Every structure is written in structure tokens, then in C-alpha cells.
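Chemist:
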Amino acid sequence: MQAGKSRTQSGKLNQLLGKLLCRNLEERTFFRFSSLMMKQDRTFKLKVYPSLGMALVFPFIFLINNFHGSSWHQIGQGSGFFYAYFSLLVIPTALMMLRCSSTFKGAWIYGAAPIQQRRSIFSGALKATITQLYLPAYFLLSVVFLLLFRWTIIPDLIAILLTASIFTIICSHYCLGESFPFSEPFDAQPSTGNFMVLFLFLIAGLFAAAHAIVRAVLPGYGVFIYIACLLAANLLVWKTGLRGKD
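Per my numbering, the sequence shown starts with residue 4, numbered consecutively.
1. With three or more beta-carbon pairs closer than 8 angstroms as the criterion, would you say the segment 215 to 232 touches the segment 119 to 129?
2. Just tell me which of Asn27, Leu59, Arg102 has its CA closest to the CA of Pro188.
3. Per DSSP, Cys232 forms a beta bridge with which residues?
4. Distance check for Gly114 and Ala212, CA to CA, integer angstroms please.
5. Three-state secondary structure (DSSP) at Glu187?
6. If you run the structure through DSSP and keep just helix, strand and coil, what is Cys103?
7. For Asn17, is the classification buried or exposed, using 16 other Cβ atoms within 10 angstroms of its Cβ as the cut-off for buried?
8. Round the Cβ separation of Met57 and Leu98 to the nearest angstrom and send it over; I've been treating them as touching at under 8 angstroms.
9. Which of helix, strand or coil does DSSP assign to Leu245?
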């Protein structure tokens with residue numbers, strides 16, 4: 004009974020997120036479909052969930068190594084919150100698997116359904132990836148980092164979240180290509196997957212470097228300028244970044 008209640012609440016949350024994040028009914032449909040597949044496909048979870056663990060563990064490993072012997076006060080005065088960028092590891096790992104499913108033979112539905120814009124399939128799936136896989140790791144890290152570094156890092160955490168949104172579009176071109184979500188068997192995964200994840204994480208490192216430079220050059224208000232730029236970039240990449248899928 005408790006499990007049924009939990010599933011009902013989860014379904015309502017997905018409906019709410021779909022209404023908030025998706026522009027039309029078609030995109031909301033694929034958002035819900037992708038969210039459901041991520042939750043129910045056991046093989047998918049076994050391959051993706053370890054990356055969630057790494058995204059949560061790596062920041063603290065680096066914090067401990069770099070601030071060994073320091074007091075909590077000294078750590079809180081530093082810039083260790085930049086290790087939250089390790090949460091972006093979840094995105095390329097998840098998107099490498101997004102094309103795969105244990106029930107890939109059901110992919111014929113993409114050709115049979117009256118889909119007006121193919122990009123809605125991809126945008127719905129990408130938004131589901133962010134909400135179902137990235138945000139849990141991000142919010143957990145954010146809570147811990149806020150306890151360590153206090154409320155002054157809230158703008159920096161917002162910048163990291165906006166970066167994750169842009170990074171998702173970038174990764175989708177390398178990880179998905181023209182393949183529909185959940186349309187291939189897991190053994191069809193390319194052997195170069197790990198190298199691709201490493202390459203994309205280096206791109207994430209460029210965002211982290213830009214964030215750090217802005218903070219150093221324009222202390223105080225620079226991060227707000229950076230957030231404004233990221234907001235504009237988000238509007239641009241989500242509007243134009245998936246046009247090639249149609």
C-alpha cells in the first residue's frame with residue numbers, strides 16, 4: 004500500500020515537472036515516457052546508477068585530499084564548492100545509455116506514432132535525464148556544500164545547474180547522435196564509450212574554468228553576470244540545438 008502511494012506521488016511529481024519544463028503535449032508525452040523507462044528498466048539502472056555514486060563521492064574525495072588537516076572553518080572559506088562540477092559526470096554516462104533498453108524492440112512506435120516534431124522525442128528524453136538522474140545528485144551535493152560553505156555559494160550552485168542544462172545538449176550530440184532513446188540493445192554500445200565520457204567531462208572542465216576566472220576577475224558581482232550569460236545560452240541552445248533532429 005505504501006509502495007502504491009509512493010508511485011502515485013512520483014507520478015504526480017512527473018506530471019508537474021512535465022508541465023513546467025515541456026513546451027507542448029508531444030514533448031510532455033516523451034518526458035513521461037522516458038522518466039518511466041529510466042525507473043523501470045533494471046539493466047539501465049544497473050549501468051547508470053554507479054555514475055550517480057561517483058558524482059557524489061568524487062567531490063568529497065578531492066575535498067578531503069586537498070584540505071587534509073584544515074579545520075571546517077578553513078574549508079568553508081575556500082573554493083572547494085567547485086568540486087560540485089563532478090556532478091556533471093552523471094550526464095554523459097546517462098546519455099550514453101539513453102539509446103539502449105531491454106525492450107528496444109518496441110522502438111517501432113517511433114515510426115508508427117503521429118509525431119509532428121522529432122525533436123520533441125529528444126528534448127523530452129533529455130529533460131527527463133536531467134530531472135530523474137542529474138537533479139537528485141545535484142541537490143544532495145548542494146545541501147552538503149551549503150552546510151560547508153554557507154549561503155554565499157548559492158549563485159555559484161545556480162551557475163552549475165545552468166551549466167548542466169547546456170552540457171546536456173552538448174553531450175546529446177556526441178552520445179545519442181541520430182539514435183532514438185531506448186531503441187537499441189545494450190550490447191550495441193560502442194567500445195569507445197568511456198573515452199567519450201572522459202572527453203565530455205573535459206568540456207565540463209572548461210565551464211568550471213570559465214566560472215573560476217569570472218569569479219577571480221570580477222569578485223562579488225561577476226558570478227551574477229556569468230549566470231545571466233548562462234541563462235541566455237540556455238535559451239539559445241534549447242531552441243536551436245535540437246533542430247537537426249527533425
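Positions of the beta carbon are idealized from the N, C-alpha and C atoms, including for glycine. Just so it is clear, the structure is predicted and the values come from calculations on it, not from any experiment.
Modeler: Concretely, from the data shown:
1. Taking a cut-off of 8 angstroms for Cβ pairs, the segment 215 to 232 and the segment 119 to 129 do not touch, as fewer than three such pairs fall below it.
2. Against the sequence shown, residue 188 aligns to sequence position 185. Distance from the Cα of Pro188 is smallest, within the candidate group Asn27, Leu59, Arg102, for Arg102.
3. The residue labelled residue 232 in the question sits at position 229 within the sequence shown. Looking at the DSSP assignment, Cys232 forms no beta bridge with any residue, so it has no partner.
4. The residue you call residue 212 lines up with position 209 of the sequence shown. The residue you call residue 114 lines up with position 111 of the sequence shown. Near 43 angstroms, if we compare the C-alpha coordinates of Gly114 and Ala212.
5. Against the sequence shown, residue 187 aligns to sequence position 184. In the structure shown, Glu187 sits in a strand (DSSP, three-state: E or B).
6. If you number the sequence shown from 1, residue 103 lands on position 100. Cys103: strand per DSSP, three-state reduction.
7. As a first step, residue 17 must be located in the sequence shown, where it is residue number 14. Taking all protein chains in view, the Cβ of Asn17 is crowded by 16 or more other Cβ atoms within 10 Å, so the residue is classified as buried.
8. Counting from 1 along the sequence shown, the entry for residue 57 is found at position 54. Counting from 1 along the sequence shown, the entry for residue 98 is found at position 95. About 15 angstroms; that fails the 8 angstroms criterion.
9. The residue you call residue 245 lines up with position 242 of the sequence shown. Coil, per DSSP.
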